[in-house]
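J.:
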Amino acid sequence: MLKLKNIILLSLFFCLSFVLHAQKSTVRATIQPSDILIGEQAVINVEVIAPKGKNIIFPAYKDTLIRGVEVLAMLKPDTTMTEVMTINQKYIVTSFDSTLYHVPYMMVIDGTDTLKTNDFGLKVSAPQLSDSTLAYLERLKNHETDSIDFAKLQINDIKDVQSPPFVWLDYLEYLYILFLASLIILLIAALVYLYYRKKKKGYYFTPKIVLPPHVEALQGLDKLKDSKMWQRGMEKEYYTELTDILRKYIGRRFDIAAPEMISDDIIAAVHLVTDTKSATDGLAQILKLSDLVKFAKYTPFADENDLSLVNAFLFVNQTKIEERPTLEEQKEGKEAQGETSATGNQHMNNKQS
């Protein structure tokens with residue numbers, strides 16, 4: 088029993104230690120590049136990973152990190168939020184003395200705690216001199232000559248001020264602003280375009296072209312005629328397609344729910360809305376023959392199939408609504424007719440002359 092109790096207490100201790108460790112902040116320092124020439128620049132990055140809500144304070148150097156290493160700029164910190172908070176603080180540094188510098192640590196304040204980074208080094212090298220220059224300097228050092236001959240020394244011009252390395256993440260904020268501005272401009276342009284389109288044409292987007300019921304039905308019948316279904320022994324499919332075309336036409340033309348009705352009900356309903364007896368008689372012939380083919384497995388003769396298609400065309404043409412041209416179409420037609428007349432008169436005058 089005592090052993091089990093010790094195991095439980097030990098497990099709780101490890102769990103508590105893990106939770107406390109997970110809540111602690113970590114800090115790490117890196118430098119790129121770690122080897123520079125005199126006057127060149129390097130970037131120190133201090134990365135802090137801490138729980139959300141922690142108040143992190145980075146060191147602010149006036150001008151010197153350590154003796155011999157100058158701080159040129161302290162960039163804006165970059166913060167990333169995930170399960171934890173990751174902050175990257177960059178410092179741009181340089182040096183004008185050739186040696187190997189050792190930075191023992193950089194201090195970061197995490198709320199009430201003070202964290203220390205790892206140590207790192209920066210190697211600063213002098214420009215490479217020629218062998219003749221090194222030999223002449225050695226002679227001067229050994230007092231083998233008392234005069235200085237500048238012609239024997241390698242003297243380089245002062246270099247231009249170098250720009251810091253380009254880091255595209257530093258410009259991410261400006262790219263984001265540019266993207267938003269472009270998006271707003273495109274949105275305004277689209278709204279202006281739609282406004283003038285509505286003002287000119289009466290609609291924002293091109294409406295879907297809906298064919299009149301009789302045009303749609305006649306196109307379907309022409310397509311059925313060209314398919315030659317019954318000639319290939321597909322009488323059932325032929326009459327199914329034929330009656331579907333007529334049911335849809337009746338539904339759109341007379342507002343009758345023909346697709347859900349049986350043949351006798353369709354014939355009776357059409358009798359009430361039209362007085363064209365030949366059309367309704369032809370419709371009755373089609374529907375009754377179709378029922379025989381589909382349900383009684385009747386095989387119609389060739390002339391019956393042709394008659395059904397002829398009666399379908401006749402029914403649509405006798406019951407269709409002729410659309411009258413709009414005032415604008417009438418005006419365009421008159422203008423076209425006037426232009427044709429004028430062209431004809433001019434042609435006759437030229438011929439007479």
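Residue numbers (the numbering used here): 88 to 440.
Don't be surprised by glycine CBs; every beta carbon is placed ideally from N, CA and C.
Quick test of your reading: Met194 and Pro146, contact by CB under 8 Å. State the CB separation rounded to the nearest angstrom.
T.: Indeed, because the Cβ distance is near 6 Å, the residues count as touching under 8 Å.
J.: Could you tell me the alpha carbon to alpha carbon distance between Pro120 and Glu157, rounded to whole angstroms?
T.: Approximately 15 Å between the Cα atoms of the pair.
J.: So the candidates are Ile143, Thr181, Ala304; which of them puts its Cα closest to the Cα of Asp122?
T.: When only C-alpha atoms are compared, the closest one is Thr181.
J.: Determine the burial state of Thr330: buried for a count of at least 16 other Cβ atoms within 10 Å of its Cβ, exposed for fewer.
T.: It counts as buried.
J.: Please say whether Pro300 and Arg334 have beta carbons closer to each other than 8 Å?
T.: Against a cut-off of 8 Å, the Cβ pair of Pro300 and Arg334 comes out as no contact.
J.: Hey, could you find the ends of the alpha helix (DSSP H) Phe145 is sitting in?
T.: Taken as a continuous stretch (DSSP letters only), Phe145 belongs to no alpha helix (DSSP H), as it is neither H nor E.
J.: With DSSP as the reference, label Arg154 as helix, strand or coil.
T.: Coil.
J.: With a cut-off of 8 Å, do at least 3 Cβ pairs link the stretch 320 to 330 to the stretch 389 to 400?
T.: Yes, the stretch 320 to 330 is in contact with the stretch 389 to 400.
J.: For Ser377, count neighbouring C-beta atoms within 10 Å of its own C-beta (all shown protein chains included) and say buried if the count is 16 or more, exposed if not.
T.: Per the 10 Å Cβ criterion, buried.
J.: Let me know if Gln455 comes out buried or exposed under the rule of 16 or more other beta-carbons within 10 Å of its beta-carbon.
T.: Since the first residue shown for the chain is 88 and the last is 440, residue 455 is missing from the structure and cannot be characterised.
J.: Can you tell me whether DSSP reads Phe388 as helix, strand or coil?
T.: Phe388: coil per DSSP, three-state reduction.
J.: So for Asn205, helix, strand or coil by DSSP?
T.: Coil, per DSSP.
J.: What's the call for Glu416, buried or exposed, on a 16-neighbour Cβ count within 10 Å?
T.: Low local confidence applies: a pLDDT of 49 at Glu416 is under 50, so the model's placement there is unreliable, and no value is given.
J.: Cutting at 8 Å between CB atoms, please list the residues of its own chain near Ile354, excluding the five before and the five after it.
T.: Excluding sequence neighbours, Ile354 sits near Thr367, Leu370, Ala371, Leu374.
J.: Run through the DSSP bridge pairs and tell me what Ala371 is partnered with.
T.: Answer is none; Ala371 lacks a bridge partner.
J.: What residue from Thr151, Leu298, Thr113 has the CA that sits closest to Gly198's CA?
T.: Cα-wise, what sits closest to Gly198 is Thr113.
J.: What does the Cβ neighbour count give for Glu322, buried or exposed, with the cut at 16 atoms within 10 Å?
T.: Looking at its Cβ environment, which holds 16 or more other Cβ atoms inside 10 Å, Glu322 is buried.
J.: Quick one: what's got a C-beta closer than 6 Å to Thr363's C-beta in the same chain, skipping five residues either side?
T.: Closer than 6 Å at the Cβ level, and outside the excluded window around Thr363, lie Gln405.
J.: Quick test of your reading: Leu209 and Ile118, contact by CB under 8 Å. State the CB separation rounded to the nearest angstrom.
T.: 6 Å between Cβ atoms; contact.
J.: Cβ of Arg115 within 8 Å of Cβ of Thr186?
T.: No; because the gap between Cβ atoms is not below 8 Å, this pair is not in contact.
J.: Compare the beta carbon distance of Ile332 and Leu308 with 8 Å and say whether it is the shorter of the two.
T.: Yes, the pair counts as a contact, with Cβ atoms nearer than the cut-off.
J.: Rounded C-beta distance between Ile500 and Ala160? I'm assuming under 8 Å.
T.: Beyond the ends of the chain as shown, which are 88 and 440, falls residue 500; an answer cannot be given.
J.: Answer yes or no: do Gly155 and Asp184 have a C-beta to C-beta separation smaller than 8 Å?
T.: Taking 8 Å as the Cβ cut-off, Gly155 and Asp184 qualify as a contacting pair.
J.: Should Lys139 and Val171 be called a contact, given that it needs their Cβ atoms to be closer than 8 Å?
T.: Taking 8 Å as the Cβ cut-off, Lys139 and Val171 qualify as a contacting pair.
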